[in-house]
Each structure stands twice: as C-alpha cells, then as structure tokens.
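To start, the structure under review is shown below, and the notes come after it.
Residue numbers (the numbering used here): 22 to 295.
Quick look at the structure:
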C-alpha cells in the first residue's frame, strides 16, 4: 500500500509522541488536513481504535495495513471494519469524536474544503454504528435542517457562545489581546466580527470534546505547514497561556514539521518556534 505514512513512519510518530497521549495523533491528522492529504488520516484513526483491541504497537500497526489491504474496494474495507466493530466501546466513541472535532477545528485554520475532504475520508473508515444516519432537509423551516446528533448547542446559546469566544480569545492572546483584536478590526471590521462570532465562539472555545490545551495544539499543527509565521508565533505563545507545557508545544511543532516534510511542503522561511 503506497502512501505518505508508512509503517515505519507511523511507529516513529507513536514513539516520539508517547508522552502526548492522544495529542500526537490529533496533531498528525491536523497536519495532514492542512497539507491536503486526507487519505492518510485513515491510518492514524485505525491505529487508534484498533489498539483498543490489542495493546501491542507493532501488532496493531500490522493490523491497520491488513485491514486497508484486505480488499481493493472501499466497500470491502468498510465491511472488515464493521466486522471488527459491530459494537463500540466508550473509548472508541471518544477517539472518533476527538478526530472529528480536530478536523473541524483544523478547517477554521486551513480551509473548509480541506476539512470536508478530511472528514469524508474519516467517515469511510469509521464503524457504521458511529455514523449519523438521519436525513437532512436543507430548507430553512424544516425540522430536519440539522441532525439531533449535532454536538454543539444550537438554540438559545448565542450569548453563551459569544462569552465563551471572547473568554477563549483573551486567554490565548493574554497581554496582546487588545492589540491583535484591533489589528483585525482595522484590516476589516467584519474580519474581527467573523473571527470572534463564528470561529472563536462556537468552534475553538468549545471544549466538551477537545480541551482548550488540545485545541491549541491542533491549531499549531494546522498552521505549521502554511508559512504563516505571524499567526503561528501567536498561537505558540497562546498555547502556553491556555496551560500547555513548553515541551508539548515543541513536540507538536516537531511532529507537524516532520509530517509536512513527508507531504512535500516547502516553507518560505524557517518555521518559527518558542
């Protein structure tokens, strides 16, 4: 099976990120999303859910490749996954939700089309019992406009969402919060409005799936491939402000640089660091 993430590379990521718990995997998929390599995300996801059935790292890595090489068709792969997971544990559900939310949040940094592609590829290897089967009707007055399984609260939550957004913003940017906000506002008032009202409020500040520290590290991983040092520099410092330790920030930065290099990314200048 050809691809960017080989068995050897996956093992290296696992060993290097061993102190990061789930975050090494979340940082990896955020990087792959930003690099527009959504197909590779399935290898990371399958490793994470299959290791719940076997703790041996190398055995689990081999199982991932066995599943993906079992059948040339996507239908065959999905059939094998559903046979392995006719029911799922709370931990597999947690991993799946974390992967979904990481990719959604990554999309705010690297673009909605990339997030759509990444989440679609993730869906293709997600056990069927975890996939929403409701039918959506994209009509304004329809009671079926949104699935009942939407994670974020919808009705009556605008003020709470705004307050959460401004609180998260101020925690990330701390002493430079006012300056950064005014930079956005002077560039275009709607840029500041949109950033707070639609990115920080309902998306980045939401912490019922991913913690604030996990979100900050995902943001870093999403920014590293893009040659956007001004934004990356702010979020490297911001990660410390929300409670990440310096070692974790540096590890995630290194993971993202490594994965970006594997994806063929070339930077305009050296990736900034703390």
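Ideal Cβ placement from N, Cα and C applies to all residues, glycine included. The model shown is predicted, which means the values in this text are computed figures rather than measured ones.
- The Cβ-Cβ distance between residue 182 and residue 223 falls below 7 Å.
- In this chain, the alpha helix (DSSP H) harbouring residue 272 covers 267-283.
- Within its own chain, the residues whose Cβ lies closer than 6 Å to the Cβ of residue 51, once the five positions on either side in sequence are excluded, are 123, 127, 239, 242, 243, listed in chain order.
- Contact annotation, residue 281 with residue 245: C-beta distance approximately 6 Å; criterion of less than 8 Å satisfied.
- For the options 284, 203, 28, the alpha carbon positioned closest to that of residue 80 is the one of 28.
- Residue 48 is not a Cβ neighbour of residue 193, given a cutoff of 7 Å.
- Non-local C-beta neighbours of residue 173 in its own chain, meaning closer than 7 Å and more than five positions away in sequence, comprise 223, 227, ordered along the chain.
- The continuous alpha helix (DSSP H) containing residue 119 extends over residues 111-131.
- For residue 48, the enclosing alpha helix (DSSP H) starts and ends at 44-55.
- Put simply, the backbone Cα of residue 141 is about 20 Å away from that of residue 86.
- The C-alpha of residue 44 is placed about 18 Å away from the C-alpha of residue 262.
- Listed in chain order, the non-local C-beta contacts of residue 144 below 8 Å within the same chain comprise 152, local neighbours out to five positions each way being set aside.
- Assigned with DSSP and collapsed to three states, residue 187 falls in helix.
- A Cβ-Cβ separation of about 5 Å places residue 283 in contact with residue 25 under the 8 Å criterion.
- Residue 260 and residue 232 have their C-alpha atoms some 12 Å from each other.
- Residue 173 carries a coil assignment under DSSP once its states are collapsed to helix, strand and coil.
- The residues 241, 270, 274, 293, 294, 295, in chain order, have a CB closer than 8 Å to that of residue 257 in the same chain once the five nearest residues on each side in sequence are set aside.
- Take residue 147, set aside five residues on each side of it, and the residues of its chain with a beta-carbon closer than 7 Å to its own are 117, in chain order.
- Sorting 201, 96, 66, 95 by C-alpha distance to the C-alpha of residue 84 places 66 at the top.
- Considering only 121, 131, 180, 138, the residue with the shortest C-alpha distance to residue 171 is 121.
- At a Cβ-Cβ threshold of 7 Å, residue 149 and residue 103 count as neighbours.
- Annotation for residue 102: the continuous alpha helix (DSSP H) segment containing it runs 95-105.
- Per DSSP, reduced to three states, the secondary structure at residue 221 is helical.
- Distance from the Cα of residue 68 is smallest, within the candidate group 111, 135, 32, for 32.
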